[in-house]
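Chains as they are written, first to last, in this note's numbering: chain A, 3 to 442; chain E, 3 to 442. The beta-carbon is built from N, C-alpha and C at its ideal position, and this holds for glycine as well. Working notes for the structure below.
Structure representation (structure tokens):
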């Protein structure tokens with residue numbers, strides 16, 4: 003990693019909790035460490051749009067008082083957390099990465115933020131989002147691009163780019179993101195951390211600014227899958243029990259979805275560590291991409307049409323152009339996509355026949371240079387945005403849990419392995435991730 | 003009426019059944035009478051696209067044998083029925099009014115046709131439909147326009163124009179139609195007969211060619227509302243019990259929906275015979291029209307897009323033009339219309355607060371000349387298509403039962419009164435119609 007590390011690099015949530023309860027540190031101390039690291043390192047990374055030093059210190063002191071008084075809220079008690087700037091934190095600016103919301107301050111916490119507070123976590127600041135979360139590159143935002151800790155001239159990925167960079171650089175141990183086509187998993191993969199997009203609706207999206215409501219998921223980023231599942235459990239209220247059975251993991255050949263860098267493919271497949279193989283039945287991979295595009299564009303246009311009509315000048319050029327294209331999607335094609343989505347839900351279940359977890363690369367390439375939109379991948383001219391989304395978006399279409407875990411590196415840049423399961427099999431997903439981590 | 007009458011003019015289904023069971027006529031005799039009248043009168047009206055003389059005579063003879071043998075299938079036993087050419091009759095051509103289906107012969111009955119056969123009815127032929135049922139004027143069809151028995155230079159209305167003209171001219175006592183925005187009620191009103199569009203799904207649409215599936219209803223046309231409800235009961239399997247309470251009927255001011263000819267308004271209001279009045283809350287009337295247009299166009303484009311792409315030359319110019327416009331409806335607007343439709347379902351229920359039945363004109367004008375597309379109505383320049391649909395389409399948006407009954411005439415042309423109820427209140431609708439008929 004080229005940028006300096008913050009205080010949470012190499013520390014797990016468990017480590018921190020032990021230190022805290024053993025009196026080796028305090029919540030206030032952790033927040034001060036985080037604030038200090040942010041002030042030193044974040045000018046390079048731009049992972050944070052805004053930091054609430056005063057509020058975080060007050061919350062940390064209260065957390066310390068609670069612990070001293072015998073009130074222990076559990077594993078996140080007293081730990082600083084970054085929250086993507088699409089998610090409302092009462093009293094803190096929420097810009098959605100857009101000039102449209104310059105100066106906007108919500109007065110209510112999103113449900114996921116309220117649950118974090120109940121769990122004792124300390125909201126330290128808002129992390130940079132791609133403008134309105136409408137882009138997987140993380141480099142278009144009213145506050146400027148978030149940057150990759152492994153190379154600040156490269157993308158963090160997006161749209162939860164700030165959350166990915168903040169965790170990777172050790173500025174916070176945990177960050178909240180949103181994921182409509184891969185926006186948690188893509189920055190996790192490009193920045194070398196873990197990111198979990200749970201089943202659709204498992205973490206409530208109330209108080210989260212929408213991009214494409216039927217595809218939007220709230221997720222978490224942390225250093226390890228284990229920490230993601232721990233936080234997921236607290237945010238969803240759903241247990242992830244230890245799995246007694248070994249998960250049956252198969253490699254899902256991703257090349258029907260999109261071209262893939264051969265080295266990325268090799269590193270991910272090695273990390274997956276299975277000889278079982280699954281391929282998409284004819285037409286399914288193409289349908290996933292097409293249905294994702296049609297439904298995602300239509301819902302985004304629905305969310306933003308009035309802003310496009312009334313104040314187009316407040317958008318960045320790229321997002322405005324994309325929204326205008328989205329407004330042209332014909333209704334009859336959308337209707338067909340909605341019908342096809344039901345068929346894909348069945349097709350996705352069938353992919354899992356005989357397997358609990360499918361493994362594939364999270365993204366087909368390593369972090370591209372900032373602002374790059376065209377590249378060559380496996381000998382083919384490709385669009386960077388389409389490439390970044392290609393392996394993650396199918397699991398938004400069907401709402402299946404999908405996790406990205408660090409799998410190794412290519413040319414000094416992280417590679418992510420994506421693990422996917424059916425809703426209800428999260429414990430098997432966690433077990434599969436633990437085996438990948440154990441082999442690493 | 004300017005055209006000669008067929009044998010069923012002035013005869014009710016009850017009359018015919020009594021004659022049949024008293025031996026004063028036979029099913030074969032009724033079919034021969036119908037065939038004879040069709041051959042004499044239909045060259046002027048073009049109410050039928052095809053007639054199945056042989057099949058109808060065979061079915062009639064079988065009906066006679068059954069009656070003679072003691073098998074009585076009920077009130078429709080042995081009676082000839084016309085079936086709109088959007089509805090499949092096994093072994094009979096189904097053109098949908100389109101050259102796309104020239105020569106097409108389905109091998110299975112639509113569910114409603116199978117139910118008619120079980121009830122003993124005799125399918126005598128297919129009635130003219132506006133091309134693919136996509137038009138309320140009834141004058142665009144591969145087989146030529148259906149014409150109004152009151153003045154063959156005027157529209158029958160549509161899209162079930164042949165069914166309306168056939169019943170009005172006494173060629174059959176009963177005809178099946180489909181109604182997506184008014185296609186049963188509009189020809190009933192313009193031709194001076196009764197037409198009933200039941201609640202959404204009450205008569206199954208299986209085996210009926212779609213126009214806009216979420217708006218499509220199967221309905222019936224007959225001389226009187228009573229005969230419509232009788233047939234509806236047999237086709238839906240739902241009883242319409244005699245109402246013990248008098249229905250509470252209110253006049254629904256239609257002028258928020260569209261301009262209305264003052265004489266038509268006066269005649270319809272007089273027939274309604276109530277002093278109770280209801281008006282649309284602000285925005286509701288406009289929303290009905292807009293939601294109908296957006297959803298109707300989108301679904302029609304979905305049904306026909308491949309035909310438009312592959313064989314546009316087989317469409318008539320007007321329907322092709324309309325379909326091409328429909329293919330341009332933006333998906334985000336459709337999405338908003340789908341959401342608004344849910345709101346309208348609530349708004350529609352509230353319109354009925356304190357009332358069982360709402361009464362309004364079926365259409366705001368009398369039958370226009372064939373092919374007329376622009377007219378002056380109450381001093382305003384209007385589009386004929388939009389005017390014809392304006393008072394009927396709201397009840398397709400919400401799927402409420404709606405009936406058109408003869409209300410009188412203006413300038414020698416029929417005026418229809420529309421009566422609407424909530425699903426489940428069909429017995430009160432029937433009672434309201436009986437009171438209108440009793441006053442006439």
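What in chain A is Cβ-close to residue i, meaning under 9 Å?
| i | result |
| --- | --- |
| residue 337 of chain E | 300, 301, 303, 304, 333, 336 |
Keeping to the same chain, check which residues put their C-beta closer than 8 Å to that of residue i; ignore five residues upstream and five downstream.
| i | result |
| --- | --- |
| residue 182 of chain A | 135, 161, 213, 214, 217, 218, 219, 298, 398 |
| residue 105 of chain A | 95 |
| residue 342 of chain E | 289, 292, 293 |
| residue 329 of chain E | 303, 307, 310 |
Opposite residue i in the DSSP bridges: which residues?
| i | result |
| --- | --- |
| residue 404 of chain A | A:199, A:422 |
| residue 383 of chain A | A:378 |
| residue 178 of chain A | A:85, A:222 |
| residue 150 of chain E | E:153 |
| residue 50 of chain A | A:129 |
| residue 411 of chain E | E:416 |
| residue 362 of chain A | A:420 |
| residue 69 of chain E | Its beta-bridge partners do not exist; DSSP assigns none. |
| residue 345 of chain A | None, per the DSSP bridge assignment. |
| residue 280 of chain E | E:254 |
| residue 210 of chain A | A:89 |
| residue 332 of chain E | A:332 |
Please tell me whether residue i and residue j are closer than 9 Å, where the distance is taken between their beta carbons.
| i | j | result |
| --- | --- | --- |
| residue 115 of chain A | residue 178 of chain A | yes |
| residue 29 of chain E | residue 49 of chain E | no |
| residue 278 of chain A | residue 253 of chain A | yes |
| residue 336 of chain E | residue 337 of chain A | yes |
| residue 361 of chain A | residue 269 of chain A | no |
| residue 405 of chain E | residue 199 of chain E | yes |
| residue 260 of chain E | residue 402 of chain E | no |
| residue 359 of chain A | residue 430 of chain A | yes |
| residue 10 of chain E | residue 174 of chain E | yes |
| residue 147 of chain A | residue 130 of chain A | yes |
| residue 441 of chain E | residue 248 of chain E | no |
| residue 377 of chain E | residue 415 of chain E | no |
| residue 76 of chain A | residue 66 of chain A | no |
| residue 82 of chain E | residue 47 of chain E | no |
| residue 412 of chain E | residue 263 of chain E | yes |
| residue 40 of chain E | residue 8 of chain E | yes |
| residue 222 of chain E | residue 192 of chain E | no |
Which residues of chain A have a Cβ atom closer than 7 Å to the Cβ of residue i, listed in chain order?
| i | result |
| --- | --- |
| residue 295 of chain E | Those within 7 Å of residue 295 of chain E in chain A number zero; the least Cβ separation is about 11 Å. |
What residues of chain E sit near residue i, judged by a beta carbon separation below 7 Å?
| i | result |
| --- | --- |
| residue 307 of chain A | 334 |
Closer than 7 Å by C-beta to residue i: which residues in its own chain qualify, once you throw out the five before and the five after it? Chain order, please.
| i | result |
| --- | --- |
| residue 382 of chain A | 261 |
| residue 54 of chain A | 94, 125, 126, 127 |
| residue 226 of chain A | 14, 196, 439 |
Tell me whether residue i counts as near the ligand FMN, meaning its Cβ is closer than 8 Å to at least one heavy atom of that ligand.
| i | result |
| --- | --- |
| residue 346 of chain E | Judged by which ligands are present, the structure shown has none, so any question about the ligand FMN falls away. |
Apart from the five residues just before and just after residue i, which ones in its own chain have a Cβ nearer than 6 Å to its Cβ?
| i | result |
| --- | --- |
| residue 357 of chain E | 250, 252 |
| residue 486 of chain A | In the structure as shown, chain A begins at 3 and stops at 442. Residue 486 of chain A is therefore absent and cannot be evaluated. |
| residue 100 of chain A | 133, 134, 144 |
| residue 6 of chain E | 43 |
| residue 139 of chain A | 157, 160 |
| residue 237 of chain A | 114, 117, 205 |
| residue 52 of chain A | 95, 127, 128 |
| residue 78 of chain A | 121, 122, 123 |
Of all the residues that make up the segment 312 to 331 of chain A, which are near chain E by a beta-carbon distance shorter than 7 Å?
329, 330, 331
Against chain E, which members of the segment 123 to 140 of chain A pass a CB distance test of less than 8 Å?
none
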